[in-house]
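Counting in the numbering used here, the first sequence runs without a single skipped number right up to 595 at its last residue.
Notes follow once the structure below has been shown.
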Amino acid sequence: MSGNLYPPQFASSSRHLDQNLSNLHKCSDTRRLLQIHSQIFRLHLHTNPFIASKLIASYSLCLLPSSAAAVFNLVPDPTSHLFNTLIRAFAQNSLPSLSFNTFFRMQLSSVKADSFTYPFLLKSFSGSVHTIELIHAHVIKLGFLTDTFVPNSLIDSYSKAGESEAACKVFDEMPVRDLVSWNSVVAALVRAGDVSDARGVFDQMPERDTVSWNSMLDGYMKVGEMDAAFDLFSRMPVRNVVSWSTMVSGYCNKGDMEMARMLFDKMPVKNVVPWTIMISGYAGKGLDKEASSLMDQMEEAGLELDSGAAVSILTACAHSDLLGLGKRIHHKAKRRKLMFTTQISNALIDMYSKCGDLDEAWNIFEGMEDKDLVSWNSMVHALAMHGYGKKSLELFARMEEEGIIPDSFTFVGVLCACTQVGLIKQARRYFISMQKDYEIVPRIEHYGCLIDILGRGGLLMEAYNLAKSMPLEPNAIIWGSILNACRFHNNVGIAEKIIDELVSLEPSDAGNFGIISNIYAAAGKWDGLAKARLKMKDFDRHKLVGSRRIELNDNAHELAVEDRMHPQADRILRMLNRLGKYVEKLGYAAEVR
DNA sequence: CGTGATGACG
């Protein structure tokens with residue numbers, strides 16, 4: 003900042019402000035930002051476009067886009083830089099319509115868009131192919147493709163929207179390319195799963211930096227070519243945190259925790275990302291002791307949980323039923339005041355719901371100020387999965403009343419809710435309504451729900467015919483749910499029709515074997531049982547035992563079929579007996595096992 | 001431009 007920016011009468015206070023201003027554009031501490039802002043306001047410097055743009059950028063970082071807009075509106079003559087900053091602020095806070103609105107205001111005023119405007123605008127609409135194409139056509143007309151800045155971001159946007167061919171086309175037609183162009187197209191090919199094409203481009207590159215190598219590492223890791231990745235990793239000239247993290251992540255995803263840990267321990271420098279990868283890796287495999295102890299070590303190393311880490315670890319906890327670790331993350335997030343992002347709250351809702359604490363999931367949901375579609379979907383689904391079908395449908399109704407437009411995920415939850423209550427007619431209605439009213443093309447999950455509810459209701463032939471006639475290839479879950487229904491309704495005929503299909507999809511699944519043997523045993527067809535056993539060629543004895551981990555009062559318990567090893571096995575079995583008697587009294591007929 | 005990142009059928 004130059005000194006002549008301030009009116010002379012404020013010269014004495016300006017030095018103090020100078021220091022604040024130099025880092026203002028990346029101030030993420032809301033309280034400090036408000037202090038500086040009021041200081042700026044007192045000095046009447048808020049009308050200066052340069053200072054205003056720093057305030058806008060900081061308000062964006064503090065997740066306060068409306069304050070950013072307020073700052074903008076007080077500047078009498080906004081520059082293109084100021085417009086760009088606001089467009090970026092809205093983009094960063096996932097407010098694409100406001101981003102576009104600002105662009106529109108820019109067009110209406112006499113300020114010209116520049117090569118910074120379009121990349122920000124594109125970021126805002128990541129995922130919407132149609133909008134990207136519109137912006138693309140627009141920048142062609144304005145001649146912005148002669149530089150590399152705009153086309154590079156077009157490559158990235160197309161690629162992230164799943165249009166790798168369009169991304170490659172932009173690259174092919176570029177008159178000049180820089181390193182970022184090459185890197186972007188390699189990343190685009192990797193994202194699309196074309197690792198060999200990516201390698202082809204990589205080999206042609208006039209020069210490579212660490213980013214180029216890292217993209218290739220990731221590509222090989224994603225398709226499971228660990229040796230090729232490791233080979234590149236050992237040959238690359240410079241390895242940074244991202245290179246190491248990519249390797250650790252790759253081995254974690256493969257389930258090779260030893261290799262992942264070995265590389266993790268060898269890393270010369272670690273930031274919060276590799277810690278997160280390793281902790282989530284352990285948590286995702288259900289290794290809560292390892293995950294928890296790494297969590298401690300991370301803090302001892304002086305690193306704190308950030309929002310990415312919280313979301314990532316919570317998701318892993320939800321996947322593996324790690325309520326204890328999930329709660330720990332919750333408390334840490336609260337202490338670090340990370341609670342206020344929608345994404346973390348959503349991850350918490352799902353974690354508590356999947357780990358069995360529906361009440362806590364509900365508390366989080368009700369306490370949220372800004373619920374988004376994911377929040378509603380998670381809660382609708384949570385209620386359905388916990389057996390509260392009616393409450394789930396009520397929540398869906400409330401959602402519609404509040405004007406939230408449901409999506410594909412919503413209707414999976416809604417159809418699950420119908421299953422819980424046995425509402426076949428309702429389920430059919432929702433299945434039609436989602437297509438007619440919301441233009442949602444049913445996915446395999448929707449067919450799965452509908453087929454499941456038909457089967458449970460005894461409409462086995464209809465369920466079977468729907469599986470056969472639907473426009474998607476049925477998967478193991480679909481056949482499994484019909485098979486389950488066959489067992490429940492003692493229907494050997496339809497069961498036999500689908501055994502072959504199911505076994506070819508999941509040859510070694512113990513659950514399927516159990517169901518099939520139950521059906522044959524119930525019908526007294528012991529030769530059929532033998533046949534089913536033979537069909538399961540790769541049958542894995544260890545998988546026969548279905549086990550389940552639960553957490554009670556912070557102790558983990560492993561329960562398995564035919565298991566008497568648990569310290570309180572007698573009490574558990576007595577309780578099960580009592581429950582069995584209780585439900586029999588209520589008219590439930592126990593299955594023959 | 002590259003690493004962790006919320007929701008779906010048994």
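We put the beta carbon where it would ideally sit given N, CA and C, even for glycine.
Only a predicted model underlies this, so the values are computations on that prediction, with no experimental measurement involved.
>> Going by DSSP in three states, Pro569 sits in which element: helix, strand or coil?
In response: Within the first sequence, numbered from 1, the residue matching residue 569 stands at position 567. Model confidence at Pro569 stands at a pLDDT of 48, short of 50, so the residue's coordinates are unreliable and nothing is read from them.
> How is Phe337 classed by DSSP in three states: helix, strand or coil?
Replying inline: Against the first sequence, residue 337 aligns to sequence position 335. Reading the sequence as shown, one finds Arg at residue 337 and not Phe. The three-state reading of DSSP puts Arg337 in helix, counting H, G and I together.
> Can you name the start and end residues of the alpha helix (DSSP H) that Ala478 belongs to?
Replying inline: In the first sequence, residue 478 corresponds to position 476, counting from 1. Its alpha helix (DSSP H) spans residues Ala478 to Phe490.
>> So, with DSSP's three-state summary, where would you put Tyr390?
In response: By 1-based counting over the first sequence, the position of residue 390 is 388. DSSP places Tyr390 outside both helix and strand once states are collapsed to three, so it counts as coil.
> What is the DSSP secondary structure of Arg210, reduced to helix, strand or coil?
Replying inline: On the first sequence, residue 210 is found 208 positions in, with the first residue counted as 1. Correct three-state label for Arg210: coil.
> To the nearest whole angstrom, what separates the beta carbons of Lys287 and Gly257, a pair I think is in contact under 8 Å?
Replying inline: Residue mapping note: residue 287 aligns to position 285 of the first sequence, counting from 1. Residue mapping note: residue 257 aligns to position 255 of the first sequence, counting from 1. Yes, Lys287 and Gly257 are in contact; Cβ-Cβ is about 7 Å, under 8 Å.
>> Distance check for Cys319 and Leu325, CA to CA, integer angstroms please.
In response: Your numbering for residue 325 matches position 323 in the first sequence. Your numbering for residue 319 matches position 317 in the first sequence. Their Cα atoms are separated by approximately 7 Å.
>> I'd like to know if the stretch 352 to 371 and the stretch 400 to 412 are in contact, where contact means that at least 3 CB-CB pairs between them fall below 8 Å.
In response: no
>> Give me, in chain order, the residues of the same chain whose beta-carbon lies closer than 7 Å to that of Asp211; leave out the 5 immediate sequence neighbours on both sides.
In response: As a position in the first sequence, residue 211 is number 209, starting the count at 1. The answer, listed in chain order, is Leu181.
>> Does Tyr440 pass the burial test, meaning 16 or more other C-beta atoms within 10 Å, or should it be called exposed?
In response: What you label residue 440 is simply residue 438 of the first sequence in a count that begins at 1. The residue is exposed, with fewer than 16 neighbouring Cβ atoms inside 10 Å.
> So is Lys329 buried or exposed if we call it buried at 16+ other beta carbons inside 10 Å?
Replying inline: The residue given as residue 329 occupies position 327 in the first sequence. With a 10 Å radius around the Cβ and a threshold of 16 neighbouring Cβ atoms, Lys329 comes out buried.
> If you drop the 5 nearest sequence neighbours on each side, which residues of the same chain put their C-beta closer than 6 Å to that of Ala71?
Replying inline: Your numbering for residue 71 matches position 69 in the first sequence. Within the same chain, Ala71 has no close Cβ partners at all.
> Where in the stretch 139 to 214 do unbroken runs of the beta strand (DSSP E), each at least 3 residues long, occur, reported from the N-terminal end onward?
Replying inline: The qualifying runs do not exist here; there are none.
> Are Tyr61 and Leu35 close, meaning C-beta to C-beta below 8 Å?
Replying inline: To locate residue 61, count along the first sequence from 1; it is residue 59. To locate residue 35, count along the first sequence from 1; it is residue 33. Contact: yes.
>> At the level of alpha carbons, what is the spacing between His140 and Glu167?
In response: Stepping through the first sequence from its first residue, residue 140 is reached at position 138. Stepping through the first sequence from its first residue, residue 167 is reached at position 165. About 20 Å.
>> Tell me the DSSP secondary structure of Asp352 in three-state form.
In response: Working through the first sequence from its first residue, we reach residue 352 at position 350. Correct three-state label for Asp352: helix.
> For Met238, which residues from the same chain have a beta carbon less than 6 Å from its beta carbon, with the 5 sequence-adjacent residues on both sides left out?
Replying inline: Walking along the first sequence from the start, residue 238 turns up at place 236. So the list reads Trp215, once near-sequence residues are dropped.
>> For Arg129, tell me which candidate among Ser117, Ser380 and Ser161 has the shortest Cα-Cα distance.
In response: Here the question's residue 129 lines up with position 127 in the first sequence. Just to set this straight, residue 129 is Gly in the shown sequence, not Arg. The shortest C-alpha separation from Gly129 is found at Ser161.
>> Does Ser471 pass the burial test, meaning 16 or more other C-beta atoms within 10 Å, or should it be called exposed?
In response: The residue labelled residue 471 in the question sits at position 469 within the first sequence. With fewer than 16 Cβ atoms within 10 Å of its Cβ, Ser471 is classed as exposed.
> If you drop the 5 nearest sequence neighbours on each side, which residues of the same chain put their C-beta closer than 6 Å to that of Ala169?
Replying inline: Against the first sequence, residue 169 aligns to sequence position 167. Leaving aside the five residues that flank Ala169 on each side, the residues in its chain whose CB is nearer than 6 Å to its CB run, in chain order, Ile157, Tyr160, Ser161 and Ala190.
> On the three-state DSSP scale, how would you describe Ser236?
Replying inline: As a first step, residue 236 is located in the first sequence; it is residue number 234 there, counting from the start. Note: Ser236 maps to helix in three-state DSSP.
> Taking three-plus beta-carbon pairs below 8 Å as touching, is the stretch 380 to 395 in contact with the stretch 408 to 427?
Replying inline: The stretch 380 to 395, when compared against the stretch 408 to 427, does touch it at the 8 Å Cβ threshold.
>> Cutting at 6 Å between CB atoms, please list the residues of its own chain near Glu464, excluding the five before and the five after it.
In response: Position 462 of the first sequence holds residue 464. Excluding residues within five positions, the ones whose Cβ falls inside 6 Å are Leu456.
> Can you round the beta-carbon distance between Ser314 and Thr278 to whole angstroms, since I take them to be within the 8 Å contact cut?
Replying inline: Taking the first residue of the first sequence as 1, we reach residue 314 at position 312. Taking the first residue of the first sequence as 1, we reach residue 278 at position 276. Confirmed, Cβ separation roughly 5 Å.
> Which value, in whole angstroms, describes the spacing of the CA atoms of Asp323 and Leu289?
Replying inline: For this step, residue 323 is matched to residue 321 along the first sequence. For this step, residue 289 is matched to residue 287 along the first sequence. Using only the alpha carbons, I get a separation of about 11 Å.
> Taking all protein chains shown into account, do 16 or more other C-beta atoms lie within 10 angstroms of the C-beta of Ile501, making it buried, or fewer, making it exposed?
Replying inline: Taking the first sequence and counting its residues from 1, one reaches residue 501 at position 499. It counts as buried.
> Between the C-alpha atoms of Thr87 and Gln94, what's the straight-line distance to the nearest angstrom?
Replying inline: Your numbering for residue 87 matches position 85 in the first sequence. Your numbering for residue 94 matches position 92 in the first sequence. Roughly 10 Å separates the two Cα atoms.
>> Which runs of the alpha helix (DSSP H) at least 4 residues long sit entirely within the stretch 397 to 432? Give them in chain order.
In response: Correct list: 410 to 423.
> Hey, how far is the Cα of Ile89 from the Cα of Ala497?
Replying inline: Residue mapping note: residue 89 aligns to position 87 of the first sequence, counting from 1. Residue mapping note: residue 497 aligns to position 495 of the first sequence, counting from 1. Answer to the nearest angstrom: the Cα atoms are 58 Å apart.
>> Rounded to whole angstroms, what is the Cα-Cα separation between Glu371 and Met353?
In response: Sequence index remark: in the first sequence, residue 371 carries index 369 (1-based). Sequence index remark: in the first sequence, residue 353 carries index 351 (1-based). Whole-angstrom Cα-Cα distance: 19 Å.
> Between Val131, Ile137 and Ser112, which lies nearest to Leu123 when the distance is taken from Cα to Cα?
Replying inline: Here residue 123 corresponds to residue number 121 of the first sequence, with the count starting at 1. Between Leu123 and the set Val131, Ile137 and Ser112, the nearest pair of CA atoms involves Ile137.
>> Within the continuous alpha helix (DSSP H) that includes Phe122, where are the two ends?
In response: To locate residue 122, count along the first sequence from 1; it is residue 120. Under the DSSP assignment, Phe122 falls in the alpha helix (DSSP H) whose first and last residues are Thr119 to Ser126.
>> Please report the distance separating the alpha-carbon of Asn255 from that of Asp267.
In response: Against the first sequence, residue 255 aligns to sequence position 253. Against the first sequence, residue 267 aligns to sequence position 265. Computed Cα separation, rounded: 17 Å.
> What three-state label does DSSP hand Val382 in the structure shown?
Replying inline: By 1-based counting over the first sequence, the position of residue 382 is 380. Correct three-state label for Val382: helix.
> What three-state label does DSSP hand Asn75 in the structure shown?
Replying inline: Working through the first sequence from its first residue, we reach residue 75 at position 73. Looking at Asn75 - three-state DSSP - the assignment turns out to be helix.
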